[in-house]
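Structure first, then comments.
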């Protein structure tokens, strides 16, 4: 059985990522890309679907021992886990070197004290646990082959096969260092070069140290901000600049339920807000790479802008269910691909335009096609901003006139007007100023409930939505506007959980499923960070700080957050780690630091 979501650590090479549990088991790894088929899919099934456990030996009928301590080595993505046993102490270092060749996962076992018996158990299953590869020896190396894929296993330890699993049994003493490496290569090509674990470890540590040095944030929440920035960097697909929302699929928003989605793609919304956080903390190169990815993905067809693309800009992300996988804690179905790719979500025009605007304002070198794209997006919005859509939360029910979608359409027009006013683009200025006013008036008249003094989820609705918290942050209305304050207070009353975190929206209203899906979900962490931001903006800074620090306490021991927090089960739920949680963490830390709203 897989561990709790917060029991996992992330390692990665900015092309794919692995999740390592506290007991030393790699339960998730897709090769060679984030969106490739998994060779370890135990996270969504059982050990029969692939895993790699490395840790102290234990009895066959006993649970694997969990590490007594684990940490990342400094400001890096190098994981160090230590076990204290009756025989002594052992350390395992796990990492994936940033690559220019074959992807590698390297694990180095180091004796700390005593003599500790160890075991490596490697069970590779290709195609998300469905295919048993042909495992054999080739010139002294172990290789697993199935169809187009081959995975090479290298170690100086003796290995043996049993029950379709490759084992190594060995003992480590102080000073011993024993390395294990798997490398992926297309099966029709020559074997990948022999790994050099120690040199790769040194190079990986140098890479992360040099990258972190570019961070311009030095406030009181630096540790949390740095860890979030490293996580966002790890979710970036280096060859193209695309940014995945998370490295996993189908980790449930509702344990045992059906709210299970594939997040290994580039949502324009998620990538745009990730870009903004990177820009505001000194990372302009990532911003430039994402802008180039965007221009390639949209190409010459901005009228058919998708809400998400593949990490190289692919458009077809057809959704399918893997019926041989039972799902994380029996939360089925397991899905790959994402059927929401072709939804209409008007807010993405605002998020993309805001990101391009911020890049322009922070001095990123001018790109004429980026400005042309921005103008084309507004011409599309001119004709379509007043249509119903599926909204920010990708509801699978009927389209509606979501207030947040209209607000972000206003943002798109507003930022483009600013671009024209700066002299860096040409467009019908007066016409678009009138459009901006029309959208603003429409939202304030149709999306605002005067009796309750709050904006609502959609036109004519009585329901609330946490995305309304972005109204002051986007500059649609000033923070001291009574309608903004009323909305913040209404969301606190109606969308707060018992422990003070914020739900996205009510999933049911009477007998109706608001989003077209059965079941419930946890508190959406981004929404809770947005609430902390808004509280700071309206002067309730102590309350904002307390909520922010409460949110920080939800991170696992390595500083990582999933998408949601289940207030009933008191555990993280949803895909992990989640960019859409770490981005607002950074944003709120910056805002609280600027306001002086922090303790100590």
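In the numbering used here, the protein residues as written are 1 to 600. Yeah, the Cβ is synthetic: ideal placement off N, Cα and C, and Gly gets one too.
Who are the Cβ neighbours of residue i in its own chain at under 7 Å, not counting the five residues just before and after it?
| i | result |
| --- | --- |
| residue 315 | 306, 309 |
| residue 390 | 343, 344, 345, 399 |
| residue 485 | 538 |
| residue 27 | 2, 19, 21, 40, 42, 43, 51 |
| residue 582 | 228, 231, 232, 561 |
Sort the options by Cα distance to residue i and report the nearest one.
| i | options | result |
| --- | --- | --- |
| residue 110 | 470, 566, 198 | 198 |
| residue 386 | 349, 442, 27, 544 | 442 |
| residue 595 | 142, 579, 545, 134 | 545 |
| residue 95 | 543, 203, 320, 583 | 203 |
| residue 313 | 239, 75, 498 | 239 |
| residue 261 | 227, 303, 24, 251 | 251 |
| residue 603 | 529, 71, 394, 174 | Past the edges of the chain, shown from 1 to 600, lies residue 603, and the structure says nothing about it. |
| residue 212 | 282, 71, 397, 540 | 282 |
| residue 410 | 375, 374, 347, 430 | 347 |
| residue 138 | 39, 154, 130, 249 | 154 |
| residue 375 | 180, 392, 193, 415 | 415 |
| residue 499 | 591, 178, 182, 571 | 571 |
| residue 268 | 324, 164, 392 | 392 |
| residue 162 | 123, 440, 224 | 123 |
| residue 354 | 279, 289, 229 | 279 |
| residue 89 | 461, 116, 59 | 116 |
| residue 5 | 369, 368, 249 | 249 |
| residue 128 | 23, 140, 37, 169 | 37 |
| residue 120 | 208, 158, 494 | 158 |
| residue 466 | 477, 494, 152 | 494 |
Check this for me: beta carbons of residue i and residue j, under 8 Å apart or not?
| i | j | result |
| --- | --- | --- |
| residue 17 | residue 42 | no |
| residue 270 | residue 562 | no |
| residue 419 | residue 496 | no |
| residue 459 | residue 447 | yes |
| residue 469 | residue 426 | no |
| residue 71 | residue 80 | yes |
| residue 234 | residue 10 | yes |
| residue 247 | residue 264 | yes |
| residue 34 | residue 237 | yes |
| residue 397 | residue 331 | no |
| residue 350 | residue 287 | no |
| residue 407 | residue 471 | yes |
| residue 166 | residue 142 | yes |
| residue 103 | residue 13 | yes |
| residue 118 | residue 173 | no |
| residue 156 | residue 178 | yes |
| residue 526 | residue 584 | yes |
| residue 112 | residue 55 | no |
| residue 195 | residue 106 | yes |
Excluding sequence positions up to five away, which residues of its chain have a Cβ less than 8 Å from the Cβ of residue i?
| i | result |
| --- | --- |
| residue 510 | Residue confidence for residue 510 is low, a pLDDT of 48 falling below 50, so the modelled location carries little weight; the figure read from the coordinates is stated next. Nothing listed; no residue qualifies. |
| residue 186 | 148, 149, 150 |
| residue 320 | 335, 336, 337 |
| residue 424 | 360, 366, 371 |
| residue 46 | 1, 326 |
What does DSSP give as the partner residues of residue i in its beta bridges?
| i | result |
| --- | --- |
| residue 30 | 38 |
| residue 54 | 120 |
| residue 84 | 89 |
| residue 541 | Answer by DSSP bridge pairing: none, since residue 541 is not bridged. |
| residue 104 | 183 |
| residue 524 | 564 |
| residue 496 | 502 |
| residue 19 | 10, 28 |
| residue 320 | 336 |
| residue 79 | 72, 94 |
| residue 110 | 91, 177 |
| residue 361 | Note: residue 361 sits in no beta bridge, so no partner. |
Does any residue of chain B bring its CB to less than 8 Å from the CB of residue i?
| i | result |
| --- | --- |
| residue 185 | Among the chains of the structure shown, chain B does not appear; only one protein chain is present. |
To which residues of the same chain is residue i closer than 6 Å at the C-beta, ignoring the five residues directly before and after it?
| i | result |
| --- | --- |
| residue 512 | With a pLDDT of only 49 at residue 512, under 50, the local geometry of the prediction cannot be trusted, and the value read off the model is given with reservation. Excluding residues within five positions, none has a Cβ falling inside 6 Å. |
| residue 532 | 544, 547, 548, 588 |
| residue 522 | 564, 565, 566, 573 |
| residue 135 | 144 |
| residue 591 | 533, 536 |
| residue 253 | 259, 521, 564, 573, 574 |
| residue 429 | 420 |
| residue 69 | 82 |
| residue 401 | 388, 458, 459 |
| residue 225 | 217, 586, 589 |
Mind listing, in chain order, the continuous alpha helix (DSSP H) runs of no fewer than 4 residues lying wholly within the region 116-197?
For the region 116-197, the full-length alpha helix (DSSP H) segments reaching 4 residues or more read 126-129 along the chain.
Unbroken alpha helix (DSSP H) runs of length 4 or more, entirely within the region 197-277: which are they?
Listed in chain order, they are 197-212, 222-234.
Which ranges does the beta strand (DSSP E) cover as unbroken runs of at least 3 residues, wholly within the region 553-581, from first to last along the chain?
564-566, 571-573, all fully within the region 553-581.
Jot down the residue ranges of each uninterrupted alpha helix (DSSP H) in the region 390-475, minimum 4 residues, whole runs only, in chain order.
The qualifying runs are 403-421, 429-446, 470-473.
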